[in-house]
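Heads up: the structure comes next, in structure tokens.
In my numbering, the protein residues as written are 452 to 921.
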């Protein structure tokens, strides 16, 4: 309870017990509890408090007389930059191991499942959380030594990290467990997060005195420094002169209004050259990262893992280029479409180019997709004009494929392939339309209509030349 107050989590043990009781009464069978060890001023009594609380919850029965199951997760507290505890020491590796081991031993009871974060992982997290630029050499050296995919427990080798740290002269325990002086320069002091150091130190004192800090969305301003009350201010702020705020709400200055307004845009781009080998999910991640690096203010999804709200018209298969694709997202009115094009092109890899950014039409005005046109150019294979004539004269040309359940599905290419155009011996163009939601790949058409050999797939250049065929 004391440490919950220390970190401004104003929930009592009684409230926790009542919540668990209500949950079991309503039929929930599993409760997950998250605990943190190593918080500033933590004592043995606080560690004992974790065990005591879990044991109390273990005795709670639901209405039907059944006991619930309790999953307990424990992790080591890692002081983070630009927080009231950025000056505090982190638990040493050995101390973290001992505390986790003690809790584990005391919770070996039926109905309790105990999990913990690897203390070695927490030790490295703490090192990089408050590290300076000198750690860049350590990171490169560790990578070259084979430290890769370390978020996977089976690939994480802490001994390898220790070896690299010794080579680079980095003492993890010393850097993590050292208490910083309040007036010493910190590696992140040059970053303006709008929250002042004075405010963080005041909050640190309040934590030591177990004083609560209220939520500024529901009460008075706490003076953290984030809001300037011109462009940035709380949306649910309890102004003392509420009537004046309500009356003037529509007359906010233009810059404030723009900061709160968004507009949906259509962004057209091409994917050519080596970029054809990016799959759709890879392309999505590339776009997400480019948006972030370009510092473009766009709307994000809600929830625990917010992501940029970007929608793509059609996923492109691997090995297919495109001269014109569209995606949609919502940007702040403070940024002009031309600036979106410029910033994104600076951040995107070779082969992906933003062509234009325009106001997106209303949903009901969007053009319905009725197909896409492709151009296929081969290196050695020559197309036969007679194959096109034969295809046009047939009533049914069926391709078969296995679905995910192992069943064979049939698609009549006559419903899908339109306007095959012979442009040269080594080049054809055609339009592909969906057939009841079924999408046919260009290579399937080439193989069925022209007996295109599989080994030629790698040699052929397939380009989507028209995003929407009308």
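Built from N, CA and C at the ideal position, the CB exists for glycine as well.
If you're wondering where the values come from, they're calculated on a predicted model, not measured in any experiment.
Cβ distance (whole Å) where residue i is taken to contact residue j below 8 Å
i: residue 838; j: residue 883; result: Rounded, the Cβ-Cβ distance is 17 Å, inconsistent with contact.
i: residue 791; j: residue 738; result: Wrong, their Cβ atoms sit about 12 Å apart, outside the cutoff.
i: residue 540; j: residue 629; result: 6 Å
i: residue 553; j: residue 526; result: That belief does not hold up - the Cβ atoms of residue 553 and residue 526 are roughly 15 Å apart, past 8 Å.
i: residue 803; j: residue 749; result: Incorrect: roughly 18 Å between the Cβ atoms, too far for contact.
i: residue 484; j: residue 523; result: 5 Å
i: residue 563; j: residue 521; result: 5 Å
i: residue 547; j: residue 570; result: 4 Å
i: residue 775; j: residue 825; result: No, residue 775 and residue 825 are not in contact; Cβ-Cβ is about 12 Å, not under 8 Å.
i: residue 862; j: residue 900; result: The pair is not a contact, with the Cβ atoms about 13 Å apart (cut-off 8 Å).
i: residue 488; j: residue 528; result: 7 Å
i: residue 876; j: residue 834; result: 6 Å
i: residue 848; j: residue 864; result: 4 Å
i: residue 878; j: residue 828; result: 5 Å
i: residue 811; j: residue 717; result: 4 Å
i: residue 645; j: residue 677; result: 5 Å
For residue i: DSSP bridge partner residues
i: residue 491; result: DSSP lists no partner for residue 491.
i: residue 886; result: 889
i: residue 827; result: 879, 913
i: residue 873; result: 879
i: residue 795; result: Per DSSP, none; premise fails for residue 795.
i: residue 522; result: 483, 564
i: residue 715; result: 781
i: residue 721; result: 804
i: residue 772; result: 914
i: residue 749; result: 782
i: residue 527; result: 488
Backbone secondary structure at residue i - three-state DSSP
i: residue 763; result: strand
i: residue 465; result: helix
i: residue 664; result: coil
i: residue 849; result: strand
i: residue 479; result: coil
i: residue 861; result: strand
i: residue 781; result: strand
i: residue 512; result: strand
i: residue 787; result: coil
i: residue 808; result: strand
i: residue 559; result: coil
i: residue 900; result: helix
i: residue 894; result: helix
i: residue 502; result: helix
i: residue 868; result: strand
i: residue 737; result: helix
i: residue 534; result: coil
i: residue 458; result: coil
i: residue 905; result: helix
i: residue 676; result: coil
i: residue 598; result: coil
i: residue 552; result: helix
i: residue 644; result: coil
i: residue 541; result: coil
i: residue 696; result: With a pLDDT of 35 at residue 696, under the threshold of 50, the modelled position of this residue cannot be trusted, and the question is left open.
i: residue 638; result: coil
i: residue 603; result: coil
i: residue 701; result: The pLDDT assigned to residue 701 is 40, lower than 50, so where the model puts this residue is not dependable, and the model offers no usable value.
i: residue 452; result: coil
i: residue 570; result: helix
Neighbour-count burial assignment, residue i, 16 or more Cβ in a 10 Å radius
i: residue 603; result: exposed
i: residue 579; result: exposed
i: residue 600; result: exposed
i: residue 744; result: exposed
i: residue 923; result: No answer is possible for residue 923: the residues shown for the chain start at 452 and end at 921.
i: residue 633; result: exposed
i: residue 577; result: buried
i: residue 519; result: buried
i: residue 636; result: exposed
i: residue 651; result: buried
i: residue 893; result: buried
i: residue 606; result: exposed
i: residue 915; result: buried
i: residue 895; result: buried
i: residue 481; result: exposed
i: residue 530; result: buried
i: residue 733; result: exposed
i: residue 722; result: buried
i: residue 741; result: buried
i: residue 465; result: exposed
**Message:** Is it the case that the segment 639–650 contacts the segment 607–623, given that we only count it when at least three CB pairs across the two stretches are under 8 Å?
**Reply:** no
**the segment 751–770 touching the segment 831–847, judged by at least three CB pairs closer than 8 Å** = no
**Message:** Taking 8 Å as the cut-off, does the segment 600–617 touch the segment 657–672 (at least 3 CB pairs, one atom from each stretch)?
**Reply:** no
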